[in-house]
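Below is one structure; the comments refer to it alone.
This is how it looks when you write it as structure tokens:
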């Protein structure tokens, strides 16, 4: 009973695609976070400029 259940589980491919998509999404997310960490300084300065621009509108 148990060995046939294990074989059936190993041969079952249901859900494999969703796991692959989840792995791809996690890799893309890690790449985006890494890229944002690389441009953090310039991104902060851009937002500081925007805040200064809005502050001068008063």
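Numbering (the working numbering), first residue to last: 64 to 121.
Cβ atoms here follow ideal geometry from the backbone N, Cα and C, with glycine treated the same way.
The structure displayed is predicted, hence computed values, not measured ones.
Here the alpha carbon of residue 75 sits roughly 34 Å from the alpha carbon of residue 96. Here residue 91 carries a helix assignment [DSSP, helix/strand/coil].
Excluding five sequence positions before and after residue 78, none of the CB atoms of its chain fall closer than 7 Å to its own CB.
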